[in-house]
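Chemist: Letter by letter, the sequence shown follows residues 565 to 624 of the working numbering. For every residue, glycine included, the Cβ atom is placed at its ideal position computed from N, Cα and C. Fair warning: this is a prediction, and the values are worked out from it, not measured in the lab.
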Amino acid sequence: MDIKKILAVALALVGGYFLLKALWWLLGLVFSVVFVLLQVVLVAVIAVPIYLLIRRKLLK
């Protein structure tokens, strides 16, 4: 094989590896943000009925 072909294969493998790492990091970041937003929504879904119940009891 020619040295240019070997160099091209090596660079393609290294580039693909770093691209995969970057995409994996980005995917992890997206899932983290979605998970945090889901937690906030879940807390709001639980907190609003409790707030309404407490407010109703206090205003009687």
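1) Just to confirm the assignment, what range does the alpha helix (DSSP H) spanning residue 568 have?
2) Can you give me the C-alpha to C-alpha distance between residue 617 and residue 600, rounded to a whole angstrom?
3) If you draw a straight line from the C-alpha of residue 615 to the C-alpha of residue 608, how long is it?
Modeler: On the basis of the coordinates in this document:
1) Per DSSP, residue 568 belongs to the alpha helix (DSSP H) from 567–623.
2) Near 26 angstroms, if we compare the C-alpha coordinates of residue 600 and residue 617.
3) 10 angstroms
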